[in-house]
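Heads up: the structure comes next, in structure tokens.
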Amino acid sequence: MALLHDLQKRFSGEFSFACTWWRFRYLSDSDIALVARHYAIAADIVIFSSASAGLLPLAVMNWVESWISGRRRAGGVLVPLIGSPNLPPQLYATKLFYLREVAERAHMDYLPQTLLVQSRGNRAANVIGTPTAHFDQ
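Position one of the sequence shown corresponds to residue 0 (numbering that gives the first Met the number 0), numbered consecutively onward.
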């Protein structure tokens, strides 16, 4: 939520913000995934946040594939906030590669950012835009 508040403060009057948040684990529920799919299809910006190594969970990848097929318009931005100062970059490079490829297939711009994890649950990032959907691990 701090990210949204920072964006609203920085760009108040220039953009309107509507934001939804979905944890990765929620996307394994088919009803929740369907609702989240509709938000992602309509989103101007989709943000993924993960500090863990390895691939995205299978349920998340299946969900991503579902909204790519439903996205009929070009445009928008996919922002991966991936990584941790406690992990070497090569441990989460697969996520970044996959999300870059997703952005290409969805005809979205790809805006990679560095995620700074200050302490558990306290995240800070430098992102500019108008997010409408955020998916967090």
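Yeah, the Cβ is synthetic: ideal placement off N, Cα and C, and Gly gets one too.
P79 is bridged by DSSP to F47. No residue range can be given for R24, since it is assigned to no beta strand (DSSP E) and is classified by DSSP as neither H nor E. The secondary-structure analysis by DSSP pairs S15 with nothing; it has no beta-bridge partner. Taking the Cα of A102 as reference, the smallest distance to any Cα among G75, A52, P88, S65 is reached at G75. Less than 7 angstroms divides the Cβ of A52 from the Cβ of L90. Rounded to whole angstroms, the Cβ separation of A58 and S27 is 4 angstroms, and the two are in contact under 8 angstroms.
Within the model, the alpha-carbon separation for F10 versus P88 is close to 31 angstroms. Here Y109 carries a strand assignment [DSSP, helix/strand/coil].
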